[in-house]
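Scroll down for the structure; my scribbles are underneath it.
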Amino acid sequence: MVPSALGLRRIQRVHVPAPLSLFHDSCSDRPQCWRHENFPYITVSQAHDTAAGVRFKAQQFFGHRDIMVSFPPGVYPHHSDEPRAYRYKERVLGNERVSSFQGRRFDMLMAKGRIYGDERWLVGEDNHGHITLLRF
Numbered sequence: 012m013v014p015s016a017l018g019l020r021r022i023q024r025v026h027v028p029a030p031l032s033l034f035h036d037s038c039s040d041r042p043q044c045w046r047h048e049n050f051p052y053i054t055v056s057q058a059h060d061t062a063a064g065v066r067f068k069a070q071q072f073f074g075h076r077d078i079m080v081s082f083p084p085g086v087y088p089h090h091s092d093e094p095r096a097y098r099y100k101e102r103v104l105g106n107e108r109v110s111s112f113q114g115r116r117f118d119m120l121m122a123k124g125r126i127y128g129d130e131r132w133l134v135g136e137d138n139h140g141h142i143t144l145l146r147f
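Numbering-wise, my numbering puts 88 at position 77 of the sequence shown, and it's gapless, one number per residue.
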């Protein structure tokens, strides 16, 4: 059955696509479709806690792989009593604070290509099927 021209016009009038920002808010665990918010980095996966304003993004650029954490000021105070190897690289972007997990953390969390979490924890899986949980 072939739809009539009137039927097609009716479908076109009724179907109004939602703005992309609404789609991304409803699918907060998926990165943007072009995955180039911070070009030349490619966002592999992200976890976003809308209520707390915390976002984790796993990004890579050739051999450089990072898990970026952005959060509003005052959510996590900077602790200087951590061992030097575990200190986060920090920089200020606008009104939020950004930290980065470097080194083996990416491999410990991103073997399956997905991360999940909220402002208290981040979870992923490594190549051997072990679940990794980072608690904040």
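Every residue, glycine too, gets a C-beta built ideally from N, C-alpha and C. In this text, all values refer to a predicted model and were calculated from it rather than measured experimentally.
- For D77, the secondary structure class from DSSP, reduced to helix, strand or coil, is strand.
- A residue is called buried when at least 16 other Cβ atoms come within 10 angstroms of its Cβ; G74 does not meet this threshold and is exposed.
- Assignment of F72 by DSSP, reduced to helix, strand and coil, places it in the strand class.
- In this structure, the beta-carbon distance from D60 to F117 does not fall below 9 Å.
- Its Cα nearest to that of N138, the residue A122 stands out among A122, F72 and Q57.
- Note on geometry: alpha-carbon atoms of F67 and T54 lie some 10 Å from one another.
- Excluding residues up to 5 positions away in sequence, V55, S56, I78, M121 and I126 lie with their Cβ nearer than 6 Å to the Cβ of A69 in the same chain.
- The shortest CA-to-CA distance from A58 to any of M119, L133, I142 and L144 is the one to L133.
- Membership of D118 in the alpha helix (DSSP H) is indicated by the continuous run R116 to L120.
- Beyond the five residues adjoining it in sequence on each side, R146 comes within less than 6 Å, by CB distance, of W132 in the same chain, given in chain order.
- Taking a 10 Å sphere around the C-beta of F82, we find 16 or more other C-beta atoms and assign the residue as buried.
- Within the same chain, Cβ atoms closer than 6 Å to the Cβ of A63 are found at E130, the five residues on either side in sequence being excluded.
- Around the C-beta of G140, fewer than 16 other C-beta atoms lie within 10 Å, and the residue is accordingly described as exposed.
- Here F67 carries a strand assignment [DSSP, helix/strand/coil].
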